[in-house]
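Numbering (UniProt numbering), first residue to last: 1 to 621. Ideal placement from N, C-alpha and C gives every residue a C-beta, glycine not left out. As the structure is a computational prediction, the values presented were derived from the model and not from experiment. Each remark here refers to the structure printed beneath this line.
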């Protein structure tokens with residue numbers, strides 16, 4: 001029976017009929033049994049290891065990788081799953097066993113077996129080409145005699161995820177002179193032996209998350225090196241000989257402890273396609289002219305040390321440069337890493353500004369924004385920024401996501417004028433953190449400007465197209481907005497509000513507003529009750545809302561004193577809201593025998609006081 005299954009699996013492998021696809025499939029055997037690898041990590045590794053070297057651009061290589069993954073999933077050689085918002089891939093045990101058999105004696109795979117020492121010497125046969133010892137507990141690589149450990153054909157050594165590995169004897173590398181790929185990611189090594197300098201055939205040196213790594217020998221002889229990955233490493237100084245690596249395609253110092261990059265190195269690395277220099281130290285900055293000299297660059301993350309250099313590079317991006325970038329400018333104070341809202345997408349064009357002038361009223365010219373920026377993060381603006389739309393270069397942008405934090409003086413995020421145009425129509429995700437002066441989401445004065453309301457709320461003019469909104473630690477907010485502006489959030493799918501001590505009502509309605517709700521026809525139009533109020537003729541609604549999370553709101557009394565229809569609401573979490581007595585939400589409940597889709601699936605309530613017993617949800621069948 002087992003032989004029959006193997007024959008079927010092997011037939012599926014042969015039917016792939018593409019050598020590159022087959023190689024990508026066999027590469028997955030290097031990982032432990034039942035190991036789930038994130039698709040993004042696998043694609044990065046395949047690109048790093050030149051699986052698609054016939055394609056010149058990184059974009060084309062990643063596209064090819066996605067196509068191959070989809071093909072392997074479609075023919076059932078890989079299993080795809082999702083954990084939160086990330087996609088993972090796994091090879092079934094039988095499929096993996098078949099693939100290892102196909103590799104034969106050329107490959108030694110002992111991944112995830114709990115080994116504390118290297119495999120016995122007799123297992124290191126001379127025709128080995130690949131060795132995988134990933135995810136073990138190996139503590140050291142001891143001294144080896146070249147006569148007995150000679151491995152003239154070994155091309156790849158994968159030893160990642162051995163956190164206990166702290167010591168490597170230099171004699172070991174003398175036994176593997178042909179090595180091309182060395183992966184020591186997520187190990188505890190403190191230094192690399194000097195003998196690594198003699199691995200002249202090495203093309204890929206992967207040291208991701210080597211947090212204890214403090215010293216590296218000269219790399220000057222490693223002229224064949226194409227990938228040097230030092231992401232999140234403990235190294236503080238640039239390795240000697242870096243400027244000699246003229247064939248380097250990828251250099252990654254992101255999240256490392258590197259303090260500075262000496263001037264003049266980057267222009268020597270003219271073949272770079274990926275450059276990541278956004279380290280932990282603010283002192284690690286770049287000059288625009290050095291980055292602009294890299295004509296083949298396709299992916300960039302870096303930090304600029306002054307506004308002039310930053311603006312210079314932004315101007316360069318208008319006419320060329322990489323397609324994917326993450327730019328930081330920290331003018332004052334240390335940078336604080338942001339934690340994205342769960343479910344918010346990652347964007348390929350990001351700008352992060354801290355302690356900078358961003359409006360037009362500051363002591364210095366405001367920092368420019370690239371016209372195609374997708375995500376913008378601003379913390380601690382120093383020029384009294386009053387609203388997001390006060391940023392001169394933001395009006396014509398296609399901004400999709402924005403994070404604002406610790407901005408003094410900002411009382412509202414946007415001002416909705418009598419103009420029929422939407423503010424920031426492409427904005428889908430908004431995060432507000434520690435906005436100490438923020439009162440409301442949108443400018444309050446609109447509520448009294450009754451003649452303007454129908455023009456602003458005309459069909460199709462939804463507020464930003466906003467899908468996700470998170471508000472945290474905004475101490476002076478008493479409400480999100482008034483019911484008059486609720487239709488502007490018609491596209492909202494996720495709302496999270498937490499640690500806002502003065503929040504009393506999410507959607508505010510006055511007594512007159514409540515009385516006039518339901519008056520008029522059912523067209524959803526507005527009618528004037530008096531000189532100061534505008535009444536919605538039909539029920540309030542958030543038709544696309546799927547997730548509602550309210551946490552740590554000690555003053556919250558109600559979500560809204562009128563009923564809000566939420567037919568798509570699936571998950572509700574209410575915690576540490578001791579005064580909350582009524583939700584006033586109209587939701588869709590599942591029916592017997594019908595699969596849950598756009599109906600309430602999860603309800604979590606943290607009971608704080610007896611008032612919580614009054615909470616209730618109305619249902620629509």
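- In this structure residue 8 is exposed. Its beta-carbon is surrounded by fewer than 16 other beta-carbon atoms within 10 angstroms.
- By a beta-carbon distance limit of 8 angstroms, residue 274 contacts residue 58. Their separation comes to about 7 angstroms.
- Within its own chain, the residues whose Cβ lies closer than 6 angstroms to the Cβ of residue 269, once the five positions on either side in sequence are excluded, are 248, listed in chain order.
- Annotated three-state conformation of residue 156 is strand, per DSSP.
- For residue 131, DSSP records a beta bridge to 108, 157.
- In the assembly as shown, residue 468 is a buried residue. Its beta-carbon has 16 or more other beta-carbons within 10 Å.
- If you draw a straight line from the Cα of residue 216 to the Cα of residue 315, it comes to about 37 angstroms.
- Taking C-beta separations shorter than 7 angstroms and ignoring five residues to either side along the sequence, the partners of residue 124 in its chain run 149, 151, following chain order.
- Contact between residue 155 and residue 181 holds, with the beta-carbon distance rounding to 7 angstroms and staying under 8 angstroms.
- The continuous alpha helix (DSSP H) containing residue 172 extends over residues 171–174.
- A buried status is given to residue 559, since no fewer than 16 other beta-carbon atoms sit within 10 Å of its beta-carbon.
- Sixteen is the threshold: when 16 or more other Cβ atoms of the shown chains lie within 10 Å of the Cβ of residue 350, as they do, the residue is buried.
- If you draw a straight line from the Cα of residue 29 to the Cα of residue 294, it comes to about 36 angstroms.
- Its chain contains 379, 433, 434 as the residues whose beta carbon lies nearer than 6 angstroms to that of residue 405, once the 5 sequence neighbours on both sides are disregarded; these appear in chain order.
- A contact between stretches requires three or more CB pairs, one per stretch, nearer than 8 angstroms, and the region 115–124 fails this requirement with the region 80–100.
- Taking 3 residues as the shortest admissible run, the region 12–78 contains no complete beta strand (DSSP E) segment at all.
- Checking the DSSP bridge columns, you'll see residue 442 partnered with 414.
- Under the 8 angstroms Cβ criterion, the region 42–51 counts as touching the region 14–25, having at least three qualifying pairs.
- In the DSSP assignment, the residues bridged to residue 82 are 87.
- If you compare the alpha carbons of 426, 173, 184, 76 with that of residue 16, the shortest gap goes to 76.
- Residue pairing by DSSP places residue 304 opposite 286, 329 in a beta bridge.
- Judged by DSSP in its simplified three-state form, residue 98 adopts helix.
- Around the beta carbon of residue 98, 16 or more other beta carbons lie within 10 angstroms, which makes this residue buried.
- Rounded to whole angstroms, the separation of the alpha carbons of residue 78 and residue 72 is 6 angstroms.
- Residue 350 has 326, 375 as its beta-bridge partners, per DSSP.
- Taking a C-beta distance under 8 angstroms as the contact criterion, residue 408 and residue 383 do not qualify as a contact pair.
- Residue 255 and residue 231 have their alpha carbons spaced roughly 6 angstroms apart.
- Here residue 284 really is in contact with residue 258; their C-beta atoms are around 5 angstroms apart, less than 8 angstroms.
- Going by C-alpha positions, residue 498 is about 22 angstroms away from residue 490.
- Per the coordinates, the alpha-carbon of residue 43 lies some 12 angstroms from the alpha-carbon of residue 60.
- Note that the C-beta distance between residue 160 and residue 186 is below 8 angstroms.
- Assigned with DSSP and collapsed to three states, residue 311 falls in helix.
- Counted as a single uninterrupted DSSP element, the stretch harbouring residue 407 is not any beta strand (DSSP E), since DSSP gives it neither H nor E.
- When C-alpha distances from residue 415 are compared across 442, 245, 396, the shortest belongs to 442.
- Between residue 134 and residue 168, the C-beta gap is not smaller than 8 angstroms, which leaves the two residues out of contact.
- In this structure, the beta-carbon distance from residue 278 to residue 298 does not fall below 8 angstroms.
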